[in-house]
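Trainee:
Residue numbers (my numbering): 623 to 1294.
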């Protein structure tokens, strides 16, 4: 594929500057240049590679302030846990943002300016305000309560056979054609079988009932305020989109009032539009309610219709949404939404890059295999190894790499341009946000709590250090606590289960002598990393991406030849081993004019397997070599890491021992 630099290269001003190193070789061979656009541009949609590393297609120096402001978490509360203590624990360890859902179904059916569970939501938002955390409010229409609705029951006046499309009821009063319907007893989908007509006490349904029911059966029903999203040019389609806009306005007004930011230049919160099309999203598909649909339309266009409607609401009420940033959640689990399609009011595309364990060659990816030189490989060879690692979706192991959306390069999926700078000139960059992600050791066969906590600390250090450097502006870990507290620390939760359980009975935050023992290793590591980025308050918060230093990673060398997997003994040029040096991550952040912090680690493919210390030599260009001081620190082990520095001819040679979790290289220029 031809390399397209797009607006990023066309704009000399720093606002769209990108730092790309390495010649745009085509093809590129793994190990030739540590940084080469071909790692990304050669992985055309529909192909995959065990060798190419799309995240090595570009190198940028990210402001350290952007890292510090990118740390987020999803709030979930169980069994009376104390939200104030939870958010205090998060804030004290570096977290800046909290994701909270206020679903469309939370609005009162008869008065859409009111929120039904406002008391509980107010407590959560007030806790955010108290502890200086910025809420990201998830706007969502989960099909269990997709919009304002009324729940009720009706009894069957006659037996109903399986497959029936008409039902006789004991009472049809207050039923609304097109909006009232039956909710299947075994599925949490409100009004899934909508009533399309009423004659006497007989109602006709939008699709057949799958089960038989005897006369007298009480069935759950609901009346929806709006019909499922459909064609935006129809009256019903317009009505549903307008209802969504009113919902966004109600939520924005409510949140600003609770936060006390009404009238301020920045309302102090942001909005995510929808959540995971793979989960609870029937309401954006009329075909899930109607067979056939009343008026055919292109369902996938609904995703963009809702985003545009939200952007229009923001534009129409600038005071209500002052300072509020919009992120498109329809892209959470889809590769299709692109920055080039987004309205200028949309800040970012959101992703949820959860990745389970893969065993190769059993789980061979779909698509065309590319070898180490980016050439189509028809040999049938697949390396033997297991993969479960935080950066999976930034690799090329699936064609749906989110690097396409994170990168300052513009590439295409079919004819649609993707990339941070693919929007028209003047609309600004469209970043990526990750609004949910984490690693669940229990789902990966690790149930020992101590081991699970240790693995989560390693994974979370990699999530934050990697993605916030490669084009993700914010990353929200899922979640504060485990979805199932009985599974505790082996689950996805970030906070220690012991602390969460304590907060149910103890209403005071733990004293200093207790806090450390109750803090999860993951939060301890996040705090250590954040403290190194902001040592002695040295962060220049005015430093932008446009003003950071251009660095070059010239080479990564080793003498041991350790590898992630063995190559094909019959073809070692095109299908060589993947050496550890091929996946050493070098992630520069600039603190101020003379200070840098660079997380470095071996991006191992299996998070369960701890990698022992291995020596590497990194050659870097771009630092002022006179008076350069470099030190190393391991935030997971909480200990210094020796670094040998050789500087000359404008280059710096760093000899350092790396593991599979970040070592922070701390660079001071002009040090005495």
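Beta carbons: idealized from backbone N, C-alpha and C, even for Gly.
1. Using 10 angstroms around the beta-carbon of residue 843, count the other beta-carbons present and answer buried if the total reaches 16, otherwise exposed.
2. For residue 803, report the span of its beta strand (DSSP E) as first-last.
3. Kindly indicate which three-state DSSP category residue 1205 falls into: helix, strand or coil?
4. Apart from the five residues on each side of it in sequence, which residues of its chain come closer than 7 Å, Cβ to Cβ, to residue 930?
5. According to the neighbour-count rule (16 or more other Cβ atoms, all chains shown, within 10 Å of its Cβ), is residue 1271 buried or exposed?
6. Look at residue 963 and residue 982 and say whether their C-beta atoms are less than 7 Å apart.
7. Out of 901, 922 and 705, state which residue places its alpha-carbon closest to the alpha-carbon of residue 909.
8. Quick check: the Cα distance between residue 1281 and residue 1040, rounded to an integer number of angstroms?
9. If you follow the alpha helix (DSSP H) that residue 1071 is part of, which residue opens it and which one closes it?
10. Under DSSP, the beta strand (DSSP E) around residue 1029 begins and ends at which residues?
11. By the three-class DSSP mapping on this structure, what secondary structure does residue 711 have?
12. Is the segment 751-760 close to the segment 715-727, with three or more CB pairs under 8 Å?
13. To which residues of the same chain is residue 772 closer than 6 Å at the C-beta, ignoring the five residues directly before and after it?
14. Quick one: using the 10 Å Cβ neighbour count with 16 as the cut-off for buried, is residue 1138 buried or exposed?
15. Specify the secondary structure class of residue 807 as computed by DSSP and reduced to three states.
16. Hey, out of 953, 998 and 1142, whose CA is closest to residue 1058's CA?
17. To the nearest angstrom, how far is the alpha carbon of residue 1170 from that of residue 1257?
18. Does the Cβ-Cβ distance between residue 1114 and residue 1069 come in under 7 Å?
19. I think residue 1015 touches residue 1021, with their Cβ atoms under 8 Å apart; what is that distance to the nearest whole Å?
20. Express the C-alpha separation of residue 1028 and residue 1054 in angstroms, rounding to a whole number.
21. Could you please give the first and the last residue of the uninterrupted alpha helix (DSSP H) stretch that includes residue 1173?
22. Could you check the C-alpha separation between residue 661 and residue 655 for me, to the nearest Å?
23. Tell me whether residue 1039 sits in a helix, a strand or coil according to DSSP, three-state version.
24. Measuring only the C-alpha atoms, how far is residue 790 from residue 825?
25. Specify, as a first and last residue, the run of the beta strand (DSSP E) that residue 694 falls within.
26. Name the DSSP beta bridge partners of residue 1236, please?
27. So, using beta-carbon positions, are residue 1219 and residue 1286 closer together than 7 Å?
28. Rounded to whole angstroms, how far is the Cβ of residue 874 from the Cβ of residue 942, which I believe are closer than 8 Å?
29. Answer with buried or exposed for residue 1292, where buried requires no fewer than 16 other C-beta atoms within 10 angstroms of its C-beta.
30. What is the DSSP secondary structure of residue 861, reduced to helix, strand or coil?
31. So, helix, strand or coil for residue 976, using DSSP?
32. Below 8 Å, how does it come out for the segment 778-797 and the segment 855-874: are there three or more Cβ pairs, yes or no?
33. Taking the beta strand (DSSP E) that residue 776 belongs to, which residues open and close that run?
34. In chain order, what residues of the same chain lie with their CB nearer than 6 Å to the CB of residue 672, ignoring the 5 residues before and after it?
35. Among 1186, 838 and 1089, which has the Cα closest to the Cα of residue 780?
36. For residue 687, which three-state DSSP category applies?
Mentor: Judging by the given coordinates:
1. Numbered from its first residue, the chain shown carries residue 843 at position 221. When all chains shown are included, residue 843 counts as buried.
2. Reading the chain shown from its first residue, position 181 is the one you call residue 803. Its beta strand (DSSP E) spans residues 802-804.
3. In the chain shown, residue 1205 corresponds to position 583, counting from 1. Note: residue 1205 maps to helix in three-state DSSP.
4. Taking the chain shown and counting its residues from 1, one reaches residue 930 at position 308. 965.
5. By one-based count along the chain shown, residue 1271 stands at place 649. Result: exposed.
6. Your numbering for residue 963 matches position 341 in the chain shown. Your numbering for residue 982 matches position 360 in the chain shown. No. Outside cutoff.
7. Locating residue 909 in the chain shown gives position 287, counting from the first residue. Ranking the options by Cα distance to residue 909, first place goes to 922.
8. Counting from 1 along the chain shown, the entry for residue 1281 is found at position 659. Counting from 1 along the chain shown, the entry for residue 1040 is found at position 418. So the alpha carbons of these two residues sit roughly 33 Å apart.
9. Here the question's residue 1071 lines up with position 449 in the chain shown. Run containing residue 1071: 1071-1089, per the alpha helix (DSSP H) assignment.
10. In the chain shown, the residue the question calls residue 1029 occupies position 407. Neither: residue 1029 is in no beta strand (DSSP E) and is coded neither H nor E.
11. In the chain shown, the residue the question calls residue 711 occupies position 89. In the three-state reduction of the DSSP assignment, residue 711 falls in the helix class.
12. yes
13. By one-based count along the chain shown, residue 772 stands at place 150. Excluding sequence neighbours, residue 772 sits near 731 and 845.
14. Taking the first residue of the chain shown as 1, we reach residue 1138 at position 516. Answer is exposed; the Cβ neighbour count stays below 16.
15. Residue numbering aside, residue 807 sits at position 185 when the chain shown is read from its first letter. Coil, per DSSP.
16. In the chain shown, residue 1058 corresponds to position 436, counting from 1. For the residues 953, 998 and 1142, the minimum Cα distance to residue 1058 belongs to 953.
17. Position 548 of the chain shown, counted from the start, is the residue given in the question as residue 1170. Position 635 of the chain shown, counted from the start, is the residue given in the question as residue 1257. The straight-line gap from Cα to Cα measures roughly 24 Å.
18. In the chain shown, residue 1114 corresponds to position 492, counting from 1. In the chain shown, residue 1069 corresponds to position 447, counting from 1. Not a contact, by the Cβ cut-off of 7 Å.
19. What you label residue 1015 is simply residue 393 of the chain shown in a count that begins at 1. What you label residue 1021 is simply residue 399 of the chain shown in a count that begins at 1. Contact between residue 1015 and residue 1021 is ruled out by a C-beta separation of about 11 Å, above the 8 Å threshold.
20. Counting from 1 along the chain shown, the entry for residue 1054 is found at position 432. Counting from 1 along the chain shown, the entry for residue 1028 is found at position 406. Distance between the alpha carbons of residue 1054 and residue 1028: 6 Å.
21. As a working mapping, residue 1173 is identified with position 551 in the chain shown. Counting along the chain, residue 1173 falls outside any alpha helix (DSSP H), and DSSP gives it neither H nor E.
22. Here residue 661 refers to the residue found at position 39 of the chain shown. Here residue 655 refers to the residue found at position 33 of the chain shown. Cα to Cα, the separation comes out at about 10 Å.
23. Indexing the chain shown from 1 puts residue 1039 at position 417. It is a strand residue.
24. Counting from one through the chain shown, the residue named residue 790 turns up at place 168. Counting from one through the chain shown, the residue named residue 825 turns up at place 203. The alpha-carbon atoms of residue 790 and residue 825 are separated by roughly 6 Å.
25. By 1-based counting over the chain shown, the position of residue 694 is 72. 693-696 is the span of the beta strand (DSSP E), which, as asked, contains residue 694.
26. Reading the chain shown from its first residue, position 614 is the one you call residue 1236. DSSP, once it has assigned bridges, lists 1280 as partnering residue 1236.
27. Against the chain shown, residue 1219 aligns to sequence position 597. Against the chain shown, residue 1286 aligns to sequence position 664. Taking 7 Å as the Cβ cut-off, residue 1219 and residue 1286 qualify as a contacting pair.
28. Taking the chain shown and counting its residues from 1, the one referred to as residue 874 is at position 252. Taking the chain shown and counting its residues from 1, the one referred to as residue 942 is at position 320. Confirmed, Cβ separation roughly 5 Å.
29. For the purposes of this step, residue 1292 is identified with residue 670 of the chain shown, where counting begins at 1. Its Cβ having fewer than 16 others within 10 Å, residue 1292 is exposed.
30. Looking up residue 861 in the chain shown gives position 239. Here residue 861 sits in helix by DSSP.
31. Walking along the chain shown from the start, residue 976 turns up at place 354. Judged by DSSP in its simplified three-state form, residue 976 adopts coil rather than helix or strand.
32. no
33. The count along the chain shown starts at 1 and reaches residue 776 at position 154. Unbroken beta strand (DSSP E) run through residue 776: 771-777.
34. Walking along the chain shown from the start, residue 672 turns up at place 50. Result list for residue 672: 1005, in chain order.
35. One-based indexing of the chain shown puts residue 780 at position 158. The residue with the shortest Cα to Cα distance from residue 780 is 838.
36. Here residue 687 is taken as the residue at index 65 of the chain shown, counted from 1. Three-state result, residue 687: helix.
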